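Visitor: Residue numbers (the UniProt record's numbering): 1 to 291. Here it is, the structure, as structure tokens.
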Amino acid sequence: MAVDTDVLIDWFSEAGRDLPWREPGCSAWGVLVSEIMLQQTPVSRVQPIWLEWLARWPVPSALAAETTGEVVRAWGKLGYPRRALRLHAAATVIAAEHGDVVPSDVDTLLALPGIGAYTARAVAAFAYGQRAPVVDTNVRRVVARAVHGAGDAGPASNTRDMADVEALLPADDAPAAKLSAALMELGALVCTARSPRCADCPIHTECAWQHNGRPEYSGPAKPVQKFAGTDRQVRGRLLDVLRGSEGPVGKDRLDLVWHEPGQRDRCLDSLLVDGLLEQTKDGLFALPGEH
């Protein structure tokens with residue numbers, strides 16, 4: 001089943017969300033920051049923090065000059081705070097080795113600390129308008145339904161998923177980059193996992209899933225992410241204490257955030273290992289570089 005890419009691109013031009021990192025004047029640095037922040041985090045939570053970051057650190061060298069502790073503090077409630085450290089590390093290399101300009105080449109982007117295959121291709125496509133297959137959960141679901149007629153995508157396969165999207169992309173850079181964004185937007189807004197709005201889909205009539213009678217997904221069960229009671233929640237609470245403190249704090253303060261001492265201490269240790277917290281010589285705890 002073929003997908004009419006022109007129809008999808010036209011739909012995106014009309015229906016795509018007005019997001020600040022999509023503005024014509026947004027720098028590649030702004031796109032890179034958005035892509036790191038948007039990993040596993042919804043747009044509604046990212047947008048205000050992104051605006052604050054770009055106002056405060058408009059170029060990589062500005063972020064690189066900041067302490068890692070302040071970067072972690074500014075990350076706020078976005079979750080997965082190691083992303084803040086990776087972004088700081090990437091900014092440091094961009095400032096030192098690339099003239100304070102985010103590289104446009106995928107391989108050079110991949111060489112930056114903390115930049116993986118998805119982010120490198122997203123920056124190449126969305127910041128520099130290049131033909132690069134960009135594959136996330138939304139894109140995989142659209143391709144699974146529209147092209148393969150399945151209810152949803154099965155387990156990820158980087159080789160297969162990239163080949164699927166590569167086959168859809170127009171030969172020229174500009175429309176290919178636009179289609180990459182359109183596929184992602186279609187999955188986020190219309191071809192959603194639980195309640196797809198098929199009547200609003202621009203490629204509804206050619207969708208293989210529709211032609212197959214919209215079969216239910218029958219592949220392996222997908223892991224359901226929970227938050228309450230997990231180490232992620234405990235780590236977040238420990239970090240919150242330090243973000244709200246003007247200096248190092250004692251372990252007694254940290255002990256108040258969680259009732260189960262074994263899990264609490266394990267999470268505290270993991271934050272130290274990840275470089276998100278540091279321990280002072282006198283046994284207090286602080287954000288990195290803030291003691």
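Note that CB positions come from ideal geometry on N, CA and C, so glycine has one too. Predicted model only: the values in this text are computed from it and were never measured.
Quick test of the definition: if touching needs 3 or more C-beta pairs under 8 Å, does the stretch 155-172 touch the stretch 225-235?
Guide: no
Visitor: Since V165 contacts V123 with CB under 8 Å, what's their CB separation in whole angstroms?
Guide: Their Cβ separation, rounded to whole angstroms, is 16 Å, which puts V165 and V123 out of contact at 8 Å.
Visitor: Quick check: the stretch 24-37 against the stretch 111-130, are there 3 or more CB pairs under 8 Å?
Guide: yes
Visitor: Between the alpha carbons of L51 and N212, how many angstroms are there, rounded?
Guide: 43 Å
Visitor: In the structure shown, what three-state DSSP assignment does A182 receive?
Guide: DSSP places A182 in helix when its eight states are reduced to three.
Visitor: Would you give the residue range spanned by the alpha helix (DSSP H) that S61 belongs to?
Guide: 60-64 is the extent of the alpha helix (DSSP H) around S61.
Visitor: Suppose you measure from the CA of K15 to the CA of C198; what does that come to, to the nearest Å?
Guide: The question names Lys, yet the displayed sequence has Ala at residue 15. Linking A15 to C198 through their CA atoms gives a straight-line distance of about 15 Å.
Visitor: From the DSSP output, in three-state form, read off A84 for me.
Guide: helix
Visitor: Measuring alpha carbon to alpha carbon, tell me which of D105, A117, R141 ends up nearest Y128.
Guide: D105
Visitor: Would the beta-carbon of R83 fall within 8 Å of that of L287?
Guide: no
Visitor: Between D282, H291, L242, L256, which has its C-alpha nearest L271's C-alpha?
Guide: The shortest C-alpha separation from L271 is found at L242.
Visitor: Just the Cα atoms here: how many angstroms apart are V134 and L183?
Guide: A straight line joining the alpha-carbon of V134 with that of L183 spans about 9 Å.
Visitor: Cβ of A163 within 8 Å of Cβ of R131?
Guide: no
Visitor: Between the stretch 9-29 and the stretch 40-54, can you find at least three pairs of beta-carbon atoms closer than 8 Å?
Guide: yes
Visitor: Per the DSSP calculation, S249 is bridged to which residue(s)?
Guide: Correcting the residue type first, residue 249 is Val in the shown sequence and not Ser. Answer is F285.
Visitor: Extract the residue ranges of the alpha helix (DSSP H) inside the stretch 6-50, only unbroken runs of 4 or more that lie entirely within it.
Guide: 28-38
Visitor: Could you tell me the boundaries of the alpha helix (DSSP H) in which T205 lies?
Guide: Run containing T205: none; DSSP gives neither H nor E here.
Visitor: Here's a check: name, in chain order, each residue in its chain whose Cβ is nearer than 8 Å to the Cβ of D255, leaving out the five neighbours to either side.
Guide: P261, R264
Visitor: How many Å lie between V143 and A153 at the Cα?
Guide: 8 Å
Visitor: I'd like the span of the alpha helix (DSSP H) that includes Q233, first residue to last.
Guide: 231-243
Visitor: Quick check: what's the CA-CA separation for H291 versus L268?
Guide: Taking the straight line joining both Cα atoms gives about 17 Å.
Visitor: Considering just the uninterrupted stretch of the alpha helix (DSSP H) at A74, what are its terminal residues?
Guide: 68-75
Visitor: Throw me the rounded Cβ distance for the G79 and T41 pair, which I believe falls under 8 Å.
Guide: Sure, about 6 Å apart at Cβ, within 8 Å.
Visitor: Bridge partners for E278 per DSSP, in chain order?
Guide: A286
Visitor: Drop a sphere of 10 angstroms on the beta-carbon of H259, count the other beta-carbons inside from all chains shown, and report buried for 16 or more, exposed for fewer.
Guide: Exposed, because fewer than 16 other Cβ atoms sit within 10 Å of the Cβ of H259.
Visitor: Taking Cβ positions, are V147 and V3 nearer each other than 8 Å?
Guide: yes
Visitor: Which first and last residues belong to the alpha helix (DSSP H) in which Q130 is found?
Guide: No alpha helix (DSSP H) contains Q130, which DSSP labels as neither H nor E.
Visitor: For V273, count neighbouring Cβ atoms within 10 angstroms of its own Cβ and tell me buried if that reaches 16, exposed if not.
Guide: Exposed is the label assigned to V273, since fewer than 16 other Cβ atoms lie within 10 Å of its Cβ.
Visitor: For chain B, check one thing: does any of its Cβ atoms lie closer than 8 Å to the Cβ of A181?
Guide: Among the chains in the structure shown there is no chain B, since it carries only a single protein chain.
Visitor: Residues in the same chain with beta-carbon distance under 6 Å from R214, minus the five sequence neighbours each way, listed in chain order, please.
Guide: none
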